[in-house]
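In order, the protein sequences belong to chains A and B. FYI, the numbering for the first sequence is 1 to 115, going by my numbering. FYI, the numbering for the second sequence is 1001 to 1117, going by my numbering. Shown next, in structure tokens, is the structure this report addresses.
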Amino acid sequence: AQTVTQSQPEMSVQEAETVTLSCTYDTSESDYYLFWYKQPPSRQMILVIRQEAYKQQNATENRFSVNFQKAAKSFSLKISDSQLGDAAMYFCAYRYTGTASKLTFGTGTRLQVTL
Amino acid sequence: KAGVTQTPRYLIKTRGQQVTLSCSPISGHRSVSWYQQTPGQGLQFLFEYFSETQRNKGNFPGRFSGRQFSNSRSEMNVSTLELGDSALYLCASSNGTGAFSGANVLTFGAGSRLTVL
Chain A
1 AQTVTQSQPE MSVQEAETVT LSCTYDTSES DYYLFWYKQP PSRQMILVIR
51 QEAYKQQNAT ENRFSVNFQK AAKSFSLKIS DSQLGDAAMY FCAYRYTGTA
101 SKLTFGTGTR LQVTL
Chain B
1001 KAGVTQTPRY LIKTRGQQVT LSCSPISGHR SVSWYQQTPG QGLQFLFEYF
1051 SETQRNKGNF PGRFSGRQFS NSRSEMNVST LELGDSALYL CASSNGTGAF
1101 SGANVLTFGA GSRLTVL
């Protein structure tokens, strides 16, 4: 079974600084996707970034980038120039590429952004 | 384009009652998935529907059921409610087509917060 582990329950970063959230996963599959979702207090889960396992190039979306290490099964999220609006729960998630596969989530990291 | 709409947003029930939650997916999306979020168990997959057929099911008791209608709207039902069913229930939709539908991005609704007393 696939598992996703987020070892940092809480992180804090000052506004305009950079922070990295860690995620490791375990799977025997070779074709899968990894995701970072953000859940603000409004509760709506918002996709931050997506990485296909077959792509060696790390995904980037504006201030958000990942460090994908397939052999180490590591998938960290870097947030640059942190903003107050980045404060939220961040969930790392795994999904096998096959039909009807489910998302497997980590336990989440609560990110605080301070002035 | 309207997002995923879940109703009701909040509800309170008592043990033994049943509840029905509704999810309207993004227009054109044919796949709807349901997840339960609790502080203790985190986010867990309930089931996934595509074109009115359940394609995948998580490890939940038979009290949890769902269905999907021809317009892709989905409902989930929990019967004989227990205190442990108190949770945020999240619905997500995606295109869902193709042999590699796992590549499709899930778009989530804001959730239905169920409290069981």
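Cβ coordinates follow ideal geometry from the N, Cα and C atoms, glycine included.
Query	Result
Just checking: is the beta-carbon of Glu-1052(B) within a distance shorter than 8 Å of some beta-carbon in chain A?	no
Please list, in chain order, the chain A residues whose beta carbon lies closer than 9 Å to that of Gly-1042(B).	Phe-91, Phe-105, Gly-106, Thr-107 and Gly-108
Where in the stretch 1059 to 1110 of chain B do unbroken runs of the beta strand (DSSP E), each at least 3 residues long, occur, reported from the N-terminal end onward?	1064 to 1068, 1074 to 1078 and 1087 to 1094
With a CB to CB cut of under 6 Å and the five nearest residues on each side skipped, what residues in its chain are close to Gln-1054(B)?	Phe-1047
I want to know whether the stretch 1077 to 1089 of chain B touches the stretch 1101 to 1115 of chain B - three or more CB-CB distances under 8 Å.	yes
How big is the Cα-Cα spacing for Leu-34(A) and Gln-1018(B)?	35 Å
Let me know if Ile-49(A) comes out buried or exposed under the rule of 16 or more other beta-carbons within 10 Å of its beta-carbon.	buried
Is Gly-85(A) helix, strand or coil by DSSP?	helix
Taking only beta-carbon positions, decide if Thr-27(A) is within less than 8 Å of chain B.	no
Chain B beta carbons: is any one of them nearer than 8 Å to that of Ser-82(A)?	no
Whose C-beta lies closer than 6 Å to the C-beta of Leu-1043(B) among residues of the same chain, with five residues either side of it excluded?	Tyr-1035 and Gln-1037
Residues bridged to Ala-93(A) by DSSP?	Phe-35(A) and Phe-105(A)
Go ahead and pull the three-state DSSP assignment for Arg-1015(B).	coil
Identify the continuous beta strand (DSSP E) that holds Lys-70(A) and give its terminal residues.	That residue, Lys-70(A), is in no beta strand (DSSP E); it is neither H nor E in DSSP.
Express the C-alpha separation of Ser-74(A) and Asn-62(A) in angstroms, rounding to a whole number.	21 Å
Check whether the stretch 24 to 43 of chain A touches the stretch 95 to 115 of chain A, taking contact to mean three or more Cβ pairs, one atom from each stretch, closer than 8 Å.	yes
On a CA-only basis, which of Asn-1104(B), Cys-1023(B), Phe-1069(B) and Gly-1062(B) is nearest Pro-1008(B)? Give me that one, please.	Cys-1023(B)
For Ser-1094(B), which of Ser-1033(B), Gly-1058(B), Asn-1056(B) and Arg-1063(B) has the nearest alpha-carbon?	Ser-1033(B)
Taking 8 Å as the threshold (beta carbon to beta carbon), is Asn-1071(B) in contact with chain A?	no
Sort out for me which residues DSSP pairs Lys-78(A) with in a bridge.	Thr-20(A) and Ser-65(A)
Return the CA-CA distance between Gln-1006(B) and Ala-1110(B), expressed in angstroms with no decimal places.	7 Å
Look at the alpha carbon of Gln-83(A) and the alpha carbon of Ser-1031(B), and state the distance between them as a whole number of angstroms.	34 Å
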